[in-house]
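Student: The following block contains the structure, expressed as structure tokens.
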Amino acid sequence: MRYLPLTPADRAEMLATIGAATIDDLFVDVPQAARRRDLFDLPLHAGELEVERELSALAAMNRPAGAGPFFCGAGAYSHHVPATVDHVIQRSEFLTSYTPYQPEIAQGTLQVLFEFQTQVAALTGLEVANASMYDGSTACAEAVMMAQRVTRRKKAVLSGGLHPHYAATTQTIAHAEGMDIVRQAAAIDAEAAVLDAIDGDTACVVVQTPNVFGVVTDVTKIAEAAHAAGALLIVVTTEAVSYGLLKSPGEMGADIAVAEGQSIGNGLNFGGPFVGLFACREKLVRQMPGRLCGETVDADGRRGFVLTLSTREQHIRREKATSNICTNSGLCALAFTIHLSLLGERGLRELAAINHAKARELCDALAAVAGVEVLTPRFFNEFAIRVKGKAAQVVESLLADSVVAGVPFSRLDPAAGLDDVLLVAATETTTSEHIKAFAQALAGRTA
Amino acid sequence: MRYLPLTPADRAEMLATIGAATIDDLFVDVPQAARRRDLFDLPLHAGELEVERELSALAAMNRPAGAGPFFCGAGAYSHHVPATVDHVIQRSEFLTSYTPYQPEIAQGTLQVLFEFQTQVAALTGLEVANASMYDGSTACAEAVMMAQRVTRRKKAVLSGGLHPHYAATTQTIAHAEGMDIVRQAAAIDAEAAVLDAIDGDTACVVVQTPNVFGVVTDVTKIAEAAHAAGALLIVVTTEAVSYGLLKSPGEMGADIAVAEGQSIGNGLNFGGPFVGLFACREKLVRQMPGRLCGETVDADGRRGFVLTLSTREQHIRREKATSNICTNSGLCALAFTIHLSLLGERGLRELAAINHAKARELCDALAAVAGVEVLTPRFFNEFAIRVKGKAAQVVESLLADSVVAGVPFSRLDPAAGLDDVLLVAATETTTSEHIKAFAQALAGRTA
Amino acid sequence: QDEPLIFELGGWDKTGVDLPAADQDASDLGDLVRSAPIGLPGLSEPETMRHYVRLSQKNHAIDLALYPLGSCTMKHNPRLNEKMARLAGFADLHPLAPQSTVQGALALMDRLAHWLKTLTGMPAVALSPKAGAHGELCGLLSIRAAHEANGQGHRRTVLVPTSAHGTNPATAAFVGYSVVEIAQTEDGRVDIADLAAKLSPDVAAIMVTNPNTCGLFEREVIEIGRLTHEAGAYFYCDGANFNAIVGRVRPGDLGVDAMHINLHKTFSTPHGGGGPGAGPVVLSAALAPFAPAPWVVAGEDGFELVEEAEGEAAQAFGRMSAFHGQMGMFVRAYAYMLSHGADGLRQVAEDAVLNANYLKARLSSVMSPAFPEGPCMHEALFDDGWLDGTGVTTLDFAKAMIDEGFHPMTMYFPLVVHGAMLIEPTETEPKQELDRFCEALIALAGAAKAGEVDRFKGAPYLAPMRRLDETLAARKPRLTWRSDDKGVSPAPLAAE
Amino acid sequence: QDEPLIFELGGWDKTGVDLPAADQDASDLGDLVRSAPIGLPGLSEPETMRHYVRLSQKNHAIDLALYPLGSCTMKHNPRLNEKMARLAGFADLHPLAPQSTVQGALALMDRLAHWLKTLTGMPAVALSPKAGAHGELCGLLSIRAAHEANGQGHRRTVLVPTSAHGTNPATAAFVGYSVVEIAQTEDGRVDIADLAAKLSPDVAAIMVTNPNTCGLFEREVIEIGRLTHEAGAYFYCDGANFNAIVGRVRPGDLGVDAMHINLHKTFSTPHGGGGPGAGPVVLSAALAPFAPAPWVVAGEDGFELVEEAEGEAAQAFGRMSAFHGQMGMFVRAYAYMLSHGADGLRQVAEDAVLNANYLKARLSSVMSPAFPEGPCMHEALFDDGWLDGTGVTTLDFAKAMIDEGFHPMTMYFPLVVHGAMLIEPTETEPKQELDRFCEALIALAGAAKAGEVDRFKGAPYLAPMRRLDETLAARKPRLTWRSDDKGVSPAPLAAE
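Below you can see the structure in the form of structure tokens.
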């Protein structure tokens, strides 16, 4: 087997050194009843060519986002990632290294994490950021639990504009920890309702901008209300490219900002791996979940980086840890950081402007289709439309025209009663031809 | 522009340091008449996404060998290359380094070349090998010219079994140097005719095995005849995998062996880049063309490797060099060496056995088709068949069945009068389904 | 050589991408638009490449030498798997694309699930957890949901051996359970008597790692399961060490109710400097109804991804994350499984255990094994008894290993062994590399015993950096670059 | 750390691939089958990966730091180009596949040809040459074919300046021409008077590099062309330095008849430790009919690859190699061209020249420029006059640069300048890197002048190896590993 270097001669020699007669002697502690003598009922080993053929055949049964007009967003976005990013993350030294527990031989990973933290802090307008979470949704859940630790209160108010899967994830995980989750009803302009729910028991309010319907909101007033009640404001963003155009959460008064970072540096990957961004005010840092990289010096006084504040973490603190996270999204964070280093401020702003412009072009085209109503007043690169009939059926029927029209809101929240709402997104990968094809197909169906 | 790091501010500052007012001041030596002030009539710069789209569209207009039943060989073979090979050759340190002129910081490349030379010598059964040539055909031409230097004779006899493009390349290049090239007529079993052409003026005879029709020949007798006449025997191989099964050129008395190394580690690439193998008897080494890597020690006595015997080469020897070669196929040689390190003796023998077995399976299937005559008596993984009508038309018509049937001999040598001869090859990538599809399609056409 | 941070390279006005110009006038976003500069430097592509390639060379990696981190299973990461995960049909798939356009992806998830269930002998698997700890969370949430459904919601305690991974108690606490430790026997296993004593009606679950973190197989595992079930609790198994038994032992045959599988350990998806991982959880029949959404079901017209718990499946406890799990890791793990097959995976366990026992045998001449009697499984555990009186600590010894070109083993874990050194070679190490490692360690041990203390206290000398001051980092945390660090400040973008 | 050779790793019976078993009984090959062992070691995949990754780290590379080899144009190699060249539609195409199945490949060749012709102002291009020297051969063969067709077959001399690349005289000799050198003026250019004197009726061609290898533009190039044509000879231009003028100057406007273009220099296809390159040759109207087969023509039904010279094209002089050229390099170069566009390519030349002049200006304070007057083009040439009396040679100085983390410049070339040091930064170097380089060189120069001879004579100290004994290597060449090298001998394969 090509991955196993030991030869039969090696094995014999090693058993002799150990003083064992057969390999079975090394498994003596396994109860007899549990020893499987036969091979499992699975295929035998296969060569690289055969494996490649099987997986290529499976891959060929899927339609990639880049194959044609494609308008799905709702928390995952089809962006172009420069070839440099994927090249660098595949370098052995990044790909096949572990969590940097030995900083003297892990400065590559550590310095990248320090750059990542700084970039995330800059994007969110907050002082500190951690070294990544699994994804945006779990980062959201962690933020809510962090608010409980900070405020010692149990109630969390989730806006109806929060991505339903984020709300469900938060509910699942934070509820487990004993929190009281108030999830507001889904609505295009849900943010107004949040104010009414804030009271003296509230640990945090969670608001998303752009929200799941694409609405961009100035959350300054919500921040003020939360702070007045002694609660924290958590701002969620599912499209990190929007940071290039919109006011940052920090600027609007957020205490914690979490986001899905996939859009920068990472592919769609059918939903994972992604990379969660997590930033907060500096005074809250010791209640943060996840890994942190900090600056220090070595024995010669040279600047270097280490994992730090690990007394918050499970491997030191065990049941008193701020989170149970161990493995995170290091390589995805690296991809994020490389892509953002390439973009820089100028590139990110340009990219955001293009995304916004494409979405406006798409909006104009769809608004012109009879029977379509644009629901989102102010958007970045995604908005909601009302279609005739069920959005899910519209999406299915447009596949015949090779158009993947977007995400029916009912798929995210079947109980919301918004079956005629379709979420559509555009990015820099959207062409005018794609937009025309969509509008035509939709008009054809409506007609 | 993403590849150009200088900012306008950098440029201004640098011009000031230089003492130039504008960039044009640095181009003052260009005659006025030749200064182009306007941009050339070509598109302006494009982003990565746009370039990727244009090239992907071009690529999509081609049918890759791996897309279905495919039987072309004739000097280029569709083999499976392990993913490890392509991963390693893309490492910055190999990909973006130059010819190893500074051995202290090029031991990676140099040790690989030393391994490559040793592998090539082992495969060909000769004592020394160089660090690669452009491809098999130019290696063949270089070998013929080397024979002239060694023997101080001008006549080279090229067997009619030599790949016509190799013969043409040799004729073009060696004729330029004033050699007298005797190219024998193409024939399935052409090797016998070679003996008659050897005389006291002969510098070398060039024989290919397996030859262009796939015939495997024991060239021992030709070697004896050549040596008796004071000539050298050059043995050409276009399918390097055959070394895993067949007697080596050295074993059969060759003085120089050249081969196309593409089959090991390298893709088809529409014909280039490929990698030429070149080996010879040790006593001839100082007349060898191309780069050589040799073992030595450093100032601390540690073993290391350097380019050596460079007094043969153009950058030292100028018009008296053994060859004009400078750039060669370093990265392709690296790919060859990695793939062969993975294969090892065991893997290469297995791979060769599979290739041979697939070709026998193909042969049996085609021989059973009415109207098909198998012409090649003893073959490795490729053989010639006679079809009804023109082979070129057969190939065209079978495309409708998604079968790429092979290479019509007329494409290689239109004047040979072998228009009904089709060369077909099988490799480990050929499946029984491919073979059945071919036989059925051929039978369907013949019927 | 020091590598500057990107923030120190002066690229406040640069970019390494070329994008078409966008019309910005038609936007109605008004004052929702950011005004202040973000403070992000940009680099041209050549500068970016060089910066990160230079940084990479400061890392140790599996591809460079042995990386024997106990409990981490740092094995070879095949590049075939990387290539497969990058096929557009997997890498460029949107998680919410219409299901008819992602049938190959759903089929792959179904096949992966089949392999995981077969290898573990368990009837169900939840694929969505994104890492081991996330899988533990999923497992405990399933257990809690089952208890609640069965009127046992009052059970609030989880028993955890003292040798457990930190994630075990952390996860249990996260789910709101109180954690009670189980004692360990002299021979490094769960103390059955203590377990039996603590298995009260308040216990929701036990969390046991098997093979355990001492590298030993829990001989009494079947009894542990029996006692647990008898007490009405569930048996959660931490699957971090599944590599030792894959293909030879099925956790389902040991009485396990839930176990996460670190695809980034046993099934070789690369650890990437800290992730991403993937932690699917296999579940017993008792727990199977309490898996989280979403899951894949095979229907007549192909596969369906069930994203909302409805009808029969309404016992699902919720959702672990926004989408369906770490598809990129699934592809890699499945490619790894197909490559090995039933025969290769069994060989994996055998060679992993053989390699560990070989190291244990060779190193026992100079170091003190924590549990000298009997074989270890896939990792060999030493204590620091052999360093007594040398003035050299486990940490010092580990840092000196860096100078020999190796990554240190896991140190000071498990906590039950003083100055623990936990060495896991994995099955992808050749004997030559193990010998080279043993010889280096034997020589180092000799140096320690010969009193060459400086060689250890000052180590590493030959790494990209000398020993780093972790205390300083924690005392006054500097977690982001600030413009006053080096007197550099971001300038606003110049007009183009 | 020393890395063993694969032959020393003991893998005589191993393999790192898994292949299905093949039936060997039915073969009729008899004694054509190899009997003796080949002597090839095999390694498992993890061992292979580690061996070559370790080796790679012993290399300097563009991606690590400046690589200022004069006349080599070591610029950034964009990874987009690597990605494009690996599209199955290019990488997995057989050169003899039916032409209807490779129309995209032929279209790409046609578009590449269009760009090359437009950028050079020449009407024709032969794409098949595989490297610069192969392109020179192609160019001279075209010239010879043209002379023969015009009854000028008696012309047997080629004029080459003393500063030429070694490939120029080597190629001319290869084609059977005798080489006569042209003198150089004090200011580093072709001596027109000497050229005029030597332009006899026996001269077939001149071979001039422009910008020349002193980094200078041949001011009198138009006169050189005029004189050459007047004498009935052709003007071959070595295009190695095209990077200095691309987008600003067309060789066709300078009177050039043939010029090879190193795609691996100007158009950034990676040099790969020694190749592969690609050396298409542009041709003037006079030489266009004498291009080698094959070539692409656009027809009504798509593109046709003409592989045999027939009919009108029968003046083609033959074939340069088995197939159609370096397609893999064509894809990369075309991607590079599209990325830059007309504007970017012009900027390439400007920034390349700016960077070189900046280095020249900064380094002139401590080193002696060979031609101090006027600007240089894309490379700056120094002689070793400034080292007089220091006891440090050009070679010593170069080796000391290695200790500073840089690759040395080209040394002792061109031959016309004593102890030459030819520095070519390329346009992809940022100013910061140039400054770092200048500061290192200025400090080194100071050390040399301060008499710190050991620092140079013993250099490099910090590289993976100390200075290597090239004389020993050449005196008793050891070109392959032999089993007696280390007392290791290949064993025959064991039965499985």
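Note that the protein sequences, when read in sequence, are chains A, B, C and D. Each residue of the first sequence is one higher than the last, beginning at 1 in full-length UniProt numbering. Each residue of the second sequence is one higher than the last, beginning at 1 in full-length UniProt numbering. Each residue of the third sequence is one higher than the last, beginning at 32 in full-length UniProt numbering. Each residue of the fourth sequence is one higher than the last, beginning at 32 in full-length UniProt numbering. Ideal Cβ positions, reconstructed from N, Cα and C, are used throughout, including at glycine.
#1: Measuring alpha carbon to alpha carbon, tell me which residue in C:A195, C:G286 and C:A478 is nearest M432 (chain C).
#2: What would DSSP say about F487 (chain D), mapped onto helix, strand or coil?
#3: Using a Cβ-Cβ distance cut-off of 8 Å, determine whether K114 (chain C) contacts chain B.
#4: Does the beta carbon of R286 (chain B) fall short of 7 Å from some heavy atom of the ligand COA?
#5: Using only alpha-carbon positions, find the residue among C:L385, C:G416 and C:H409 that is nearest to P400 (chain C).
#6: Taking the alpha-carbon positions, what's the E104 (chain B) to P491 (chain D) distance?
#7: Give me the DSSP bridge partner(s) of E382 (chain A).
#8: Apart from the five residues on each side of it in sequence, which residues of its chain come closer than 6 Å, Cβ to Cβ, to K358 (chain B)?
#9: Judging by CA-CA distance, which residue of C:L74, C:L50, C:N241 and C:Q32 is the nearest neighbour of E39 (chain C)?
#10: Determine whether the Cβ of L4 (chain B) lies closer than 8 Å to any Cβ atom of chain C.
#11: Pull up the distance between the alpha-carbon of T149 (chain C) and that of R281 (chain C), whole angstroms please.
#12: With H, G and I counted as helix, E and B as strand and the rest as coil, what does DSSP make of I181 (chain A)?
#13: Going by C-alpha distance, which of C:S173, C:A177, C:G170 and C:S159 is nearest T138 (chain A)?
#14: Are Q107 (chain B) and K430 (chain D) touching if we call contact CB-CB under 8 Å?
#15: With 9 Å as the limit, tell me which residues of the segment 119-142 of chain C have their beta carbon closer than that to any beta carbon of chain D; keep them in chain order.
#16: Tell me whether T22 (chain B) is buried or exposed, calling it buried when 16 or more other Cβ atoms sit within 10 Å of its Cβ.
#17: In chain order, what residues of the same chain have a beta carbon less than 7 Å from the beta carbon of T104 (chain C), not counting five sequence neighbours either side?
#18: Tell me the start and end of each unbroken alpha helix (DSSP H) in the segment 296-364 of chain A that is at least 4 residues and wholly inside, in chain order.
#19: Exposed or buried, which one is I173 (chain A) when buried takes at least 16 other CB atoms within 10 Å?
#20: With a threshold of 7 Å on Cβ separation, who are the neighbours of L36 (chain D) within its own chain once the five nearest residues in sequence on each side are excluded?
#21: In whole angstroms, what is the alpha-carbon distance linking A74 (chain B) and N108 (chain D)?
#22: What separation, rounded to the nearest whole angstrom, lies between the Cα atoms of L331 (chain B) and V84 (chain C)?
#23: Count Cβ pairs between the segment 394-413 of chain C and the segment 75-95 of chain A that sit closer than 8 Å; are there 3 or more?
#24: Within the 8 Å Cβ cut-off, does E76 (chain C) reach chain B?
#25: Considering just the uninterrupted stretch of the beta strand (DSSP E) at K45 (chain C), what are its terminal residues?
#26: Quick one: does R117 (chain C) have its CB under 8 Å from some CB of chain B?
#27: Per DSSP, A155 (chain D) forms a beta bridge with which residues?
#28: Taking 8 Å as the threshold (beta carbon to beta carbon), is K45 (chain C) in contact with chain B?
#29: To the nearest angstrom, how far is the alpha carbon of L340 (chain A) from that of Y166 (chain A)?
#30: Since L412 (chain C) and G163 (chain C) are thought to touch, with beta carbons under 8 Å apart, how far apart are those beta carbons, to the nearest angstrom?
#31: Straight-line CA distance for T202 (chain A) to A129 (chain A)?
#32: Mind checking if R363 (chain D) is an interface residue toward chain A, Cβ cutoff 8 Å exclusive?
Tutor: In this structure, then:
#1: Taking the third sequence and counting its residues from 1, the one referred to as residue 432 (chain C) is at position 401. Among C:A195, C:G286 and C:A478, the Cα nearest to that of M432 (chain C) belongs to C:A478.
#2: Stepping through the fourth sequence from its first residue, residue 487 (chain D) is reached at position 456. If DSSP states are grouped into helix, strand and coil, F487 (chain D) belongs with the helices.
#3: The sequence position of residue 114 (chain C) within the third sequence is 83, counting from 1. Yes, its Cβ sits closer than 8 Å to a Cβ of chain B.
#4: Summarising the ligand content, the structure contains no ligands, and the ligand COA is consequently not present.
#5: As a working note, residue 400 (chain C) is residue 369 in the third sequence. That would be C:G416, whose Cα lies nearest to the Cα of P400 (chain C).
#6: For the purposes of this step, residue 104 (chain B) is taken as the residue at position 104 of the second sequence. For the purposes of this step, residue 491 (chain D) is taken as the residue at position 460 of the fourth sequence. Their Cα atoms are separated by approximately 8 Å.
#7: Numbered from 1 along the first sequence, position 382 holds the residue referred to as residue 382 (chain A). Its beta-bridge partners are A:A425.
#8: If you number the second sequence from 1, residue 358 (chain B) lands on position 358. Within the same chain, K358 (chain B) has close Cβ partners A426 and T430.
#9: Counting from one through the third sequence, the residue named residue 39 (chain C) turns up at place 8. Per the Cα distances, C:L74.
#10: Taking the first residue of the second sequence as 1, we reach residue 4 (chain B) at position 4. Chain C, which has a Cβ nearer than 8 Å to the Cβ of L4 (chain B), makes this yes.
#11: Counting from 1 along the third sequence, the entry for residue 149 (chain C) is found at position 118. Counting from 1 along the third sequence, the entry for residue 281 (chain C) is found at position 250. Distance between T149 (chain C) and R281 (chain C), taken at the CA atoms: about 8 Å.
#12: Reading the first sequence from its first residue, position 181 is the one you call residue 181 (chain A). Strand.
#13: Locating residue 138 (chain A) in the first sequence gives position 138, counting from the first residue. Cα-wise, what sits closest to T138 (chain A) is C:S159.
#14: Indexing the second sequence from 1 puts residue 107 (chain B) at position 107. Indexing the fourth sequence from 1 puts residue 430 (chain D) at position 399. Taking C-beta atoms as the reference points, Q107 (chain B) and K430 (chain D) fail to come closer than 8 Å.
#15: Taking 9 Å as the Cβ-Cβ cut-off against chain D, none of the residues of the segment 119-142 of chain C qualify.
#16: Position 22 of the second sequence, counted from the start, is the residue given in the question as residue 22 (chain B). Burial state of T22 (chain B) is exposed, judged by a 10 Å Cβ sphere holding fewer than 16 other Cβ atoms.
#17: Working through the third sequence from its first residue, we reach residue 104 (chain C) at position 73. Counting only Cβ-Cβ distances below 7 Å, and skipping sequence neighbours, we find N274, K296, T297, E455 and T457.
#18: 314-317, all fully within the segment 296-364 of chain A.
#19: By 1-based counting over the first sequence, the position of residue 173 (chain A) is 173. Burial call: buried.
#20: Indexing the fourth sequence from 1 puts residue 36 (chain D) at position 5. Answer for L36 (chain D): W512, listed in chain order.
#21: Numbered from its first residue, the second sequence carries residue 74 (chain B) at position 74. Numbered from its first residue, the fourth sequence carries residue 108 (chain D) at position 77. The alpha-carbon atoms of A74 (chain B) and N108 (chain D) are separated by roughly 33 Å.
#22: The count along the second sequence starts at 1 and reaches residue 331 (chain B) at position 331. The count along the third sequence starts at 1 and reaches residue 84 (chain C) at position 53. Just so you know, the alpha carbons of L331 (chain B) and V84 (chain C) end up roughly 19 Å apart.
#23: Using a Cβ-Cβ distance cut-off of 8 Å, the segment 394-413 of chain C and the segment 75-95 of chain A are not in contact, since fewer than three pairs of beta carbons, one from each stretch, lie closer than that value.
#24: Within the third sequence, numbered from 1, the residue matching residue 76 (chain C) stands at position 45. E76 (chain C) counts as touching chain B.
#25: Here the question's residue 45 (chain C) lines up with position 14 in the third sequence. Boundaries for K45 (chain C): no beta strand (DSSP E) harbours it, and the DSSP string shows neither H nor E there.
#26: The sequence position of residue 117 (chain C) within the third sequence is 86, counting from 1. It does not; no Cβ of chain B falls within 8 Å.
#27: In the fourth sequence, the residue the question calls residue 155 (chain D) occupies position 124. In the DSSP output, where bridge partners are listed per residue, A155 (chain D) has D:L314.
#28: Counted from its first residue, the third sequence places residue 45 (chain C) at position 14. The Cβ of K45 (chain C) sits closer than 8 Å to at least one Cβ of chain B.
#29: Numbered from 1 along the first sequence, position 340 holds the residue referred to as residue 340 (chain A). Numbered from 1 along the first sequence, position 166 holds the residue referred to as residue 166 (chain A). Answer to the nearest angstrom: the Cα atoms are 25 Å apart.
#30: Along the third sequence, read from residue 1 onward, the residue named residue 412 (chain C) stands at position 381. Along the third sequence, read from residue 1 onward, the residue named residue 163 (chain C) stands at position 132. Not quite, the Cβ-Cβ distance comes to about 20 Å (not below 8 Å), so this is no contact.
#31: Counting from 1 along the first sequence, the entry for residue 202 (chain A) is found at position 202. Counting from 1 along the first sequence, the entry for residue 129 (chain A) is found at position 129. Looking at the two C-alpha atoms, the distance is approximately 24 Å.
#32: On the fourth sequence, position 332 is the one that residue 363 (chain D) refers to. No, its Cβ sits nowhere closer than 8 Å to a Cβ of chain A.
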